[in-house]
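Read through the structure below, which is laid out as structure tokens, and then see the notes.
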Amino acid sequence: MTARGRLTALYTALVLAAGVVLTALTYLLVRRSLRHRIRIEVLGGPGTDAEPPPNMGEMTALAERMRATTLSDLLTRAGIALAVVTVLGAVLGWLVAGRVLRPIRAIAATAQRLSAENLSERVPVGTPPDELADLAATINGMLDRIRTGVAQRDRVLSGQRLFTANAAHELRTPLTTIRTAIDVTLDGEPDRAELLAMADDIRAAIDHSRRTLDGLLALARSESDPGRHRLVDLAEIATGVLNGTADAASARRLALRVETRPARMYGEPVLLERLIGNLVDNAVRYNHVDGRVTLRTDRIGDHVFLRVTNTGPPIPPQDAMGLLEPFVRGRDTRRSADGGAGLGLSIVRAISTVHHGRLTLTARDGGGLHITIRFPAAREPYADEPPPSPPSAAESGPAPAPDSAPAPSTMPATIASKTRAARSSSSSSGMPVSRA
């Protein structure tokens, strides 16, 4: 039996039960009233002292017959009325059940029309608000979440397919280079110079494959949970990274500008060092001769900021955020002999996400990039371990402009010692270094 049929049967049973109870009560009341009235009339009424009539027995029997006839007629008429009311109750119950179940039928029809390709339909929410309206609103909310999840799944699957295709292409190119170098060199009788040239080509191809594999491994590790976070200072990590980049910057005659203020946060030091290292390496690698690289750390309110700005080839504004995708490089980077695998900024985004950071890329006027990352700051007094659930940076509003000028550097003694070492290293290598 359908739900509508069960509701109709329930309504009909309630009407029938109420009618039976009402008929029984009416029967009992009428029976009692008739017995009292007939007895009084036969006896001559209240306060009468007259003698009983000689035909008292006949009159009593007649009264009983009249009472029985009246009660029988009452039951007959009440039964007919009860049957009519029960039928009407069944009809009205059927109509009311259909009205009550109409929103549920709409929900079922909508669910039948839904599919993986069509999740845009929604259940109409009736007014005034009641339990069924709440059910419809809840189902609509569930459909919204399912649609968002399916869209996210499709994006992930599409990204994985693109990532796999690009990774296969990046790894196949060095193999093709190795095969070509071997075939060309061995086509004849190669001398020592040709063998050495082939070895150089093979070594370069192997180095490229190694960098690609290292980047893939680092990206996979960065996207996983880094483990326990502890209190770190981005200024100290940035200073250490810049000390290791002095030779590469000197080779391109780049001017490094460092503007650091204490920026304490909770994070994994190794991953944060890799993040800053990739940013600085990207700024140095994709720059031009006599260019500039500026690195800033600062704290504003409840957030710490890491900003890296570099000169370089012009980048269309609409293409800036696309550089975060794996194996995506700028338009002019394919001409670079030491171009990377295109994974550096993807690793930066993964590490930033793990640390609840917000990453922004904007094209710089005149060429180059502004890169800003905002992290939740460690709250004073500082503890060795972070709070149970650090706040999400996505809920804290937009980040300030990446080129806002920070206050002058106020570094601890450990940073100052590293700065002196960096200056002495840069002076011996001829690299200009400026510090705010």
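Going letter by letter, the sequence shown gives residues 18 to 453 in this note's numbering. Even for Gly, the Cβ is constructed at its ideal location relative to N, Cα and C.
Nearest neighbour of L323 by Cα position, chosen from T311, A216 and I332, turns out to be T311. Taking 8 Å as the cut-off, the Cβ atoms of L296 and L341 do not count as close. Annotation for N327: the continuous beta strand (DSSP E) segment containing it runs H320 to N327. In the three-state DSSP reduction, I332 falls in the coil class, being neither helix nor strand.
Closest option to L192, judged by alpha-carbon separation, among V140, I223 and T181: I223. Y283 sits in a strand when the DSSP states are folded into three classes. DSSP, reduced to helix, strand and coil, places R396 outside both helices and strands of the structure shown, so it counts as coil. Following the DSSP letters along the chain, one finds T370 in no beta strand (DSSP E) but inside the alpha helix (DSSP H) bounded by residues G361 to V371. Annotated as distal: R278 and A255, with beta-carbon spacing of 8 Å or more.
Proximity of the segment 157-176 to the segment 129-142 meets the contact definition, three or more beta-carbon pairs being nearer than 8 Å. Residues T40 of the same chain have their beta carbon placed closer than 8 Å to that of G96, with the five preceding and five following residues left out of the count.
Excluding residues up to 5 positions away in sequence, Y28, T29 and V32 lie with their Cβ nearer than 7 Å to the Cβ of G106 in the same chain. With 16 or more other Cβ atoms from the protein chains shown falling within 10 Å of its own Cβ, G361 counts as buried. Secondary structure at D315: strand, using DSSP grouped into helix, strand and coil. Per DSSP, reduced to three states, the secondary structure at R270 is coil, with no helix or strand assignment.
Excluding sequence positions up to five before and after T25, its CB lies within less than 8 Å of the CB of A107, G110, W111 and A114, all in the same chain and listed in chain order.
Between L271 and V301, the C-beta spacing is below 8 Å. According to the DSSP secondary-structure assignment, L259 is paired through a beta bridge with no residue. In this structure, T326 and G384 do not form a Cβ contact; the two beta carbons are roughly 11 Å apart against a cut-off of 8 Å. Looking from the CA of H305, the closest CA among E290, R274 and A266 belongs to A266. Pairing T197 with E211 gives a Cβ-Cβ distance that is not under 8 Å. Excluding the 5 residues flanking it on each side, T127 has same chain C-beta neighbours closer than 6 Å at E138 and V140, in chain order. Beta-bridge partners assigned by DSSP to S175: none are found. R48 and A34 have their C-alpha atoms spaced approximately 21 Å apart. Sequence-distant partners of R23 (beyond 5 residues in either direction) whose C-beta falls short of 7 Å from its own C-beta are missing from its chain. The C-alpha of L99 lies about 6 Å from the C-alpha of G36.
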